[in-house]
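Numbering (my numbering), first residue to last: 193 to 310. These notes concern the structure reproduced below.
Structure follows, in structure tokens:
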């Protein structure tokens, strides 16, 4: 069991925030991805980070994804999971992480909703 503390990236709504994750490696690791839980403290701050602790990420097999995006026991790593959280989840416009919202990217309505979300 591991606990990881990540600092939110600059130029994002998460800048300098502290984000805590627990990792458990199942008996069948690395065949199966690690189990990752987010400490939300009761607040949902991102479409991919649920209040109950679920981390929604194709690399963790908690969301659908292309073959290149899901866990592969021969190439995927725990480090890759956290690099993905930093680069794909804790982003400058998290509103667009919600399924289907990416189609509004660059529209006036999308930008307004993104700013309100932030």
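Built from N, CA and C at the ideal position, the CB exists for glycine as well.
Give the range of the beta strand (DSSP E) segment to which residue 212 is assigned.
For the purposes of this step, residue 212 is identified with residue 20 of the chain shown, where counting begins at 1. That run of the beta strand (DSSP E) goes 210-216.
By how many angstroms is the C-alpha of residue 290 removed from the C-alpha of residue 216?
Working through the chain shown from its first residue, we reach residue 216 at position 24. Working through the chain shown from its first residue, we reach residue 290 at position 98. Answer to the nearest angstrom: the Cα atoms are 26 Å apart.
Residue 233 classed as buried or exposed, judged by whether at least 16 other C-beta atoms fall within 10 angstroms
Numbered from 1 along the chain shown, position 41 holds the residue referred to as residue 233. Result: exposed.
Please name the residue in 308, 283, 301, 213 whose C-alpha comes closest to that of residue 270.
In the chain shown, the residue the question calls residue 270 occupies position 78. Of 308, 283, 301, 213, the residue nearest in Cα terms is 213.
Between the stretch 252-268 and the stretch 294-307, do three or more beta carbon pairs fall short of 8 Å?
no
Within the continuous beta strand (DSSP E) that includes residue 197, where are the two ends?
Taking the first residue of the chain shown as position 1, residue 197 is located at position 5. First-last of the beta strand (DSSP E) with residue 197: 194-199.
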